[in-house]
Each structure stands twice: as structure tokens, then as C-alpha cells.
Ligand code: MG
Ligand code: ZN
């Protein structure tokens, strides 16, 4: 997707980081805590965000979501049906969100009406890593159904994320994947400094630990 000269690419990334900084300052000036959820298609990002938002809502914390997808309103619709305020953000053809798109989406959010913003990035384990959006945290979500080699194949996104989450541990056995293999790869990649958070959104296991890791 990125057919650019080396010099041009640096300019694009520089410009993105500048706008990301503006987004971060805007969110902070309204006291909003924000998380960018990156990960592959089908990892369970939408379901995880909905589950986390439900738990936060029970504590009186108001959550808004931005649904990032190339086209369509499927995830946006799921957010809305779950009772969450949401903004749909279609990239048109790009395989990642960028700070400029988030800046535009934030114009449609009543920033004083929320405490937390969850952004669901386009399903992709490659280029979202290069485009910070201006959130407090970046999370990468993968699932056991993708096989046990996700960390080994995608160093960059795991190194660019503050927290790594492995979803669908409840069906790991059925897809013949050992979650520990993935967790060990991640631990090795981060020099033993970070652990991977395991969860099953479906069974509501491990979500509270993730919320705690994000300071909730
Ligand atoms: Mg989704
Ligand atoms: Zn991309």
C-alpha cells in the first residue's frame, strides 16, 4: 500500500507524529484517557472493546469508541448496539488509521461527555505500528486461532505496543495452539521485561487484569 520514496515516507511519518501530538494534547485537555487497539482481522478487537466498556460503564466511567475500518459500518454498528457512543471512521483504501483521520473523527465527539476513548484500528498487524494516533496507550490484540507464530512474524507491532493481549484462550486446545508458546515469544522479544495478557472475551476471563494494566 505504501509506494513512496524513502525520503517521502519519513515526511509522511513526521507529519503523522505532529498531528498525533495535537490529538494527545486535545484529549488530555478534556481529561480523556485513550487506547489504540491494533491487531489482525478476527482477533476479537471489537468484542474486547465492548466488554471493557461494559465493565467501565458499571463503574460510572463513560466510554466512546472510534471504529476504524477500510469500508462499512459493521463494527460501528456493534458498538452502537452495545449501548456505546461511537464514531465510524472509514479509511477508504488505506490499511491503517492515521492521526489525521483521528483528528477528523474527534471533531464529531463531545469531548466533555466522555472519560475514555477506545480506538479500534483497521485489522492489520503491519503498518498501524508506524502510525501513532496520539493515544495514551497502544495495545496489540491477537488470538489463538491465528496460530502460534504471530509474535515471531510481526516483531514491529509488538515492540511498538504498550500492552500485548492474546484472546480466545478458551479455544486454544481446539485449534492446537499452546498459548504459552506465544507468551514466551513475546517475553523473549521484550527481553523478559513484559508479559502477554491472556484472555477469553467470550468467557469473560482475564479482562479485569487488562483493565488494571491500563490503569483502570
Ligand atoms: Mg473489529
Ligand atoms: Zn497501512
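Residue numbers (our numbering): 409 to 624. Ideal Cβ positions, reconstructed from N, Cα and C, are used throughout, including at glycine.
- Taken through DSSP and simplified to helix, strand or coil, residue 424 comes out as helix.
- Note on geometry: alpha-carbon atoms of residue 509 and residue 528 lie some 13 Å from one another.
- Residue ranges of uninterrupted beta strand (DSSP E) with 3 or more members, entirely inside the region 539 to 573 and ordered along the chain, are 545 to 551.
- Around the beta carbon of residue 583, fewer than 16 other beta carbons lie within 10 angstroms, which makes this residue exposed.
- If you draw a straight line from the Cα of residue 421 to the Cα of residue 562, it is about 20 Å long.
- The residues 537, in chain order, have a CB closer than 7 Å to that of residue 564 in the same chain once the five nearest residues on each side in sequence are set aside.
- According to DSSP, residue 525 shares a beta bridge with 442, 472.
- Between the C-alpha atoms of residue 596 and residue 620 there is a straight-line separation of about 23 Å.
- Taking the Cβ of residue 528 as the reference point, at least one heavy atom of the ligand MG falls within a distance shorter than 8 Å.
- Annotation: residue 566 to residue 572 spans about 7 Å, alpha carbon to alpha carbon.
- Residue 494 is bridged by DSSP to 473.
- Following the DSSP letters along the chain, one finds residue 594 inside the alpha helix (DSSP H) bounded by residues 587 to 597.
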